[in-house]
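Asker: Counting in numbering that gives the first Met the number 0, the sequence shown runs from 0 upward without gaps.
Have a look at this one before I ask anything.
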Amino acid sequence: MAAWRAAGLNYINYSNIAARMVRKALKPALRADAARREESHIKMTKWKDGKSEKSATEA
């Protein structure tokens with residue numbers, strides 16, 4: 000059994016923790032670039048009766 004599974008984590012949580020540790024270990028010049036890549040944006044649209052309603056953007 001993988002260590003992350005034995006610790007009660009799923010793979011997504013494990014990979015997020017590993018990525019965070021790698022970013023913390025980077026030199027300051029590279030850390031800023033890595034922090035920018037970490038952001039993500041999601042666009043959600045509600046649908047009602049087969050038509051889209053007002054859309055909302057979340058970060």
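C-beta: ideal position from N, C-alpha, C; glycine also.
1) Determine, using beta carbons only, whether Lys26 comes closer than 7 angstroms to chain D.
2) Quick one: give me the first and last residue of the beta strand (DSSP E) that Met0 is part of.
3) Determine the direct distance from the alpha carbon of Ala18 to that of Ala6, and round the result to whole angstroms.
4) Following the continuous beta strand (DSSP E) through Lys45, name the residue where it begins and the one where it ends.
Answerer: Let me spell this out:
1) In summary, chain D is missing from the structure at hand, where a single protein chain is found.
2) No beta strand (DSSP E) contains Met0, which DSSP labels as neither H nor E.
3) Cα-Cα distance, rounded: 17 angstroms.
4) Counting along the chain, the beta strand (DSSP E) containing Lys45 begins and ends at 41-47.
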